[in-house]
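Numbering-wise, my numbering puts 29 at position 30 of the sequence shown, and it's gapless, one number per residue. Glycine included, every Cβ here is placed at the ideal spot set by N, Cα and C.
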Amino acid sequence: MTDPKALANKIAKILDEKGATDIQILEVGHMTSITDFFVVASGRNVQNVSSLAEDLEDKLAEAGVEPRRKEGKNGARWIVLDYAHVIVHIFHPEERQYYNIERLWQDGTNQEPYPEQ
């Protein structure tokens, strides 16, 4: 999958179907050179955060999309999956509230609607 926006939406859809909450897609390519989009989502608890990440990896692998890096799987309170043009952040609710990365990366114009409208 070569279109970053399509990949971000596919990721959001997979997470939504698995029960993730508060899914946000942020276009950040104009703010950093590391990626084009962040997909940020929450799980209900540690087990759910881990399950969301595993399911996402499995479904994208079926489509031939593998992460370049992954972090946080041991503690499962904040898992990051780096798919080059899209970086996925799956949070435990407490970490999501504490780190509030959306506040750091939103500029008032870069939040993509999910589901697409």
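A Cβ-Cβ contact shorter than 8 Å links Q23 with Y113. Counting only runs of 4 or more residues that sit fully inside the region 36-91, the alpha helix (DSSP H) segments are 45-61, in chain order. If you look at D15, you'll find it in the alpha helix (DSSP H) that goes 3-16. Of E111, V85, H91, T20, the smallest CA-CA separation from P3 is found for V85. Residues I78, I89 of the same chain have their beta carbon placed closer than 6 Å to that of A52, with the five preceding and five following residues left out of the count. Within the same chain, Cβ atoms closer than 8 Å to the Cβ of R43 are found at G18, T20, P92, the five residues on either side in sequence being excluded. Separation of D106 and L55 (C-alpha to C-alpha, rounded to the nearest whole angstrom) is 27 Å.
Beta-bridge partners assigned by DSSP to I24: V38, E111.
Per DSSP, the unbroken alpha helix (DSSP H) holding I100 starts and ends at 100-104. Annotated as distal: V39 and R76, with beta-carbon spacing of 8 Å or more. Taking 8 Å as the upper bound for CB-CB distance, N99 and E26 are not in contact here, some 18 Å apart.
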